[in-house]
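Numbering (our numbering), first residue to last: 106 to 256.
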């Protein structure tokens with residue numbers, strides 16, 4: 106079971122204890138993943154890092170085996186940066202889309218996120234030969250979606 110904690114970072118900024126408890130309740134109820142969402146796309150990377158670290162610590166302190174994921178939106182042009190901050194803070198899953206296509210200003214561009222993780226940060230996220238195919242993947246998805254490639 107994947108629990109997507111919509112508006113987690115907004116909630117965490119207003120009442121961190123409550124935001125954490127909601128996610129712990131999901132883990133106690135059987136969620137194997139707790140995905141922290143920047144639903145409004147307004148969080149900064151430091152806030153994402155702090156929230157992911159706090160959630161991981163709370164899960165560990167509760168003896169939970171649930172893992173943490175990250176789901177970001179691009180309203181402030183920070184979806185990729187926030188996803189990277191989440192992974193560096195311990196998130197094991199990144200939700201996003203090819204080319205960042207998504208509602209409003211879009212989601213985290215997985216082509217950018219994975220390329221940065223593998224090629225710049227040395228994270229074993231995907232085989233390097235798969236990353237080599239990202240340009241073709243990006244162009245193909247743009248063509249099928251009839252949308253422009255991201256700048």
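C-beta atoms are modelled at their ideal positions from N, C-alpha and C, and glycine is treated no differently. Every value quoted in this text rests on a predicted model; they were computed, and no experiment measured them.
Option in the options with minimal Cα separation from residue i
i: residue 195; options: 204, 110, 140; result: 140
i: residue 165; options: 146, 210, 132; result: 132
i: residue 244; options: 232, 234, 206, 179; result: 206
i: residue 144; options: 169, 130, 163, 208; result: 208
i: residue 167; options: 181, 182, 125, 180; result: 125
Pair within 8 angstroms by beta-carbon distance, residue i and residue j
i: residue 201; j: residue 187; result: no
i: residue 161; j: residue 137; result: no
i: residue 252; j: residue 203; result: no
i: residue 199; j: residue 227; result: no
i: residue 222; j: residue 192; result: yes
i: residue 210; j: residue 178; result: yes
Three-state class that DSSP yields for residue i in the structure shown
i: residue 151; result: helix
i: residue 181; result: coil
i: residue 109; result: strand
i: residue 172; result: strand
i: residue 128; result: helix
i: residue 212; result: strand
i: residue 234; result: helix
i: residue 115; result: helix
i: residue 222; result: helix
i: residue 141; result: strand
7 angstroms Cβ shell around residue i - same chain, five flanking residues per side excluded
i: residue 142; result: 109, 110, 111, 112, 113, 176
i: residue 156; result: 113, 114, 117, 141
i: residue 197; result: 172, 173, 174
Own chain residues within Cβ distance below 8 angstroms of residue i, not counting five before or after
i: residue 97; result: Any question about residue 97 goes unanswered here, given that the chain covers just 106 to 256.
i: residue 123; result: 116
i: residue 135; result: 106
Integer-rounded CB distance, given that residue j should sit under 8 angstroms from residue i
i: residue 184; j: residue 146; result: 7 angstroms
i: residue 255; j: residue 190; result: Incorrect: roughly 20 angstroms between the Cβ atoms, too far for contact.
i: residue 159; j: residue 121; result: 7 angstroms
Heavy atom of the ligand MG within 7 angstroms of residue i beta-carbon
i: residue 205; result: The model depicted lacks the ligand MG and carries no ligand whatsoever.
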